[in-house]
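Using full-length UniProt numbering, the letters of the sequence shown correspond one by one to residues 1 to 295. Even for Gly, the Cβ is constructed at its ideal location relative to N, Cα and C. Heads up: the structure comes next, in structure tokens.
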Amino acid sequence: MSKINVAIIGSGNIGTDLMYKLERSELLNLTAVIGIDPQSDGLKKAKERGYQTFSNGIEAVKNNPDLAEIFFDATSAKAHLVNAEVLKELDKIAIDLTPAAVGPLVSPAVNGDTYNAESNINLITCGGQATIPMIHAVNRVADVTYAEIVATISSKSAGPGTRANIDEFTITTRRGIEEVGGADKGKALILINPAEPPVLMRDTIYCEVKNMDAEAITKSVNDMLQVVQSYVPGYRLKQELIFDEDKVTILLEVEGAGDYFPVYAGNLDIMTAAAVKVAEEQARRILHVEEEVTN
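This is the structure we're talking about:
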């Protein structure tokens with residue numbers, strides 16, 4: 001089967017975890033990992049696995065534009081503002097794993113196939129990828145007027161990029177709750193938990209709805225649960241939904257696959273799994289177009 005060449009910009013926790021997941025893709029061929037620190041664990045591991053490695057950041061893309069058709073940006077929101085311009089000038093597809101929100105906000109379980117022709121796709125945040133599908137599931141049957149989420153992640157799974165993006169996390173996740181999840185108004189919080197042993201990623205979702213129907217909401221949420229589990233197997237409900245008058249509360253837990261970080265790092269896992277899912281949709285489109293041109 002033909003594959004589309006891809007590369008990763010950012011050799012931190014998220015970029016390195018993504019590298020392992022891309023190795024299992026039947027549609028994506030990882031060619032290079034690009035960082036800024038030649039001694040980073042991510043670049044060392046990429047080199048050990050036979051990939052091209054660069055430690056001069058976006059300059060590597062400028063100097064080697066033929067590395068890939070799709071570039072995953074796993075740097076920071078501030079860095080992506082620069083990277084996005086370069087990738088656009090080179091006519092490359094950017095899958096943005098930072099909360100920069102340059103391109104449309106996408107959750108593969110909700111609107112992943114809607115934007116497969118875009119040149120820059122934003123994956124919101126780890127908290128957004130975990131909670132927005134559930135808000136959408138409630139909204140499509142009950143009309144969510146307000147949604148609030150609290151994402152709790154282990155301190156050990158929060159690298160420098162994540163910590164530098166806290167403000168952007170709250171802003172972009174709120175936008176995603178409203179624009180993708182469908183809530184009239186949203187709010188997002190993130191907690192970095194230093195507990196030992198490290199805790200799994202946990203998310204609390206609180207929705208106020210106009211049309212309360214516990215049975216319909218429960219079915220819609222369970223249907224969405226299966227969709228997300230198709231690419232994030234460790235995604236699950238902690239307990240049954242809690243209903244109180246016009247309010248519904250959903251408690252989630254995300255266990256990682258343990259590809260790079262231990263399983264407590266579900267926040268890495270849900271972002272990198274979503275990135276692969278979206279990129280594979282892009283690859284199918286590219287391969288289909290190439291096939292049509294050939295024929």
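Check                                                                                                                                                                                : Outcome
So K45 and T75 are in contact, right, with Cβ under 8 Å, and what is the actual spacing, rounded?                                                                                    : Rounded, the Cβ-Cβ distance is 17 Å, inconsistent with contact.
Please work out which residues of its chain come closer than 6 Å, Cβ to Cβ, to T53, disregarding the five sequence neighbours upstream and downstream, and give them in chain order. : V33, L43, A46, K47
What first and last residue would you give for the beta strand (DSSP E) that runs through T204?                                                                                      : 201-209
What residues in its chain sit with their C-beta under 6 Å from that of I270, if we drop five residues either side in the sequence?                                                  : C126, Q129, A130, V232, V254
Please list, in chain order, all residues of the same chain as P65 whose beta carbon is under 6 Å from its beta carbon, the five residues on each side excluded.                     : L90
Per the DSSP calculation, S154 is bridged to which residue(s)?                                                                                                                       : N193
Which whole-angstrom value is the C-beta distance of L105 and I124, which I expect to be below 8 Å?                                                                                  : 5 Å
So, using beta-carbon positions, are A183 and I192 closer together than 7 Å?                                                                                                         : no
From the DSSP output, read off the bridge partner residues of T125.                                                                                                                  : Answer is none; T125 lacks a bridge partner.
Roughly how many angstroms lie between the CA atoms of L22 and K3, to the nearest whole one?                                                                                         : 11 Å
Just the C-alpha distance for D73 and G50, rounded to the nearest angstrom, thanks.                                                                                                  : 20 Å
Keeping to the same chain, check which residues put their C-beta closer than 8 Å to that of E69; ignore five residues upstream and five downstream.                                  : I4, N5, V6, K92, I93, I286
So with Cβ pairs under 7 Å, would you call K92 a contact of chain D?                                                                                                                 : The structure shown contains no chain D, having only a single protein chain.
Can you list, in chain order, the residues of its chain whose CB lies under 8 Å from that of residue 296, leaving out five sequence neighbours each side?                            : The requested residue 296 does not occur in the structure, where the chain is confined to residues 1 to 295.
Ignore the nearest five residues each way along the sequence and tell me which others in R202's own chain have a CB closer than 6 Å to its CB.                                       : T152, E253
Checking the sheet assignment: what are the DSSP bridge partners for V248?                                                                                                           : C207, F243
Do you know how far the Cα of E179 is from the Cα of K187?                                                                                                                           : 12 Å
How about E215 and K247: are their beta carbons less than 7 Å apart?                                                                                                                 : no
For F243, which residues in the same chain have their Cβ closer than 6 Å to its Cβ, ignoring the five residues on either side in sequence?                                           : A214
How many whole angstroms separate the CB atoms of Y264 and L200, which I take to be in contact at a CB cut-off of 8 Å?                                                               : 5 Å
Leaving out the 5 sequence neighbours to the left and right, which residues in its chain are closer than 6 Å to G161 when beta-carbon positions are compared?                        : G12, S76
In whole angstroms, what is the alpha-carbon distance linking residue 380 and I9?                                                                                                    : The structure shown does not extend to residue 380, since the chain spans only 1 to 295, so no value can be given for it.
Answer yes or no: do residue 331 and I205 have a C-beta to C-beta separation smaller than 7 Å?                                                                                       : As shown, the chain starts at 1 and ends at 295. That puts residue 331 outside it, with no answer to give.
What residues match up with G186 in a beta bridge as DSSP calls it?                                                                                                                  : A147
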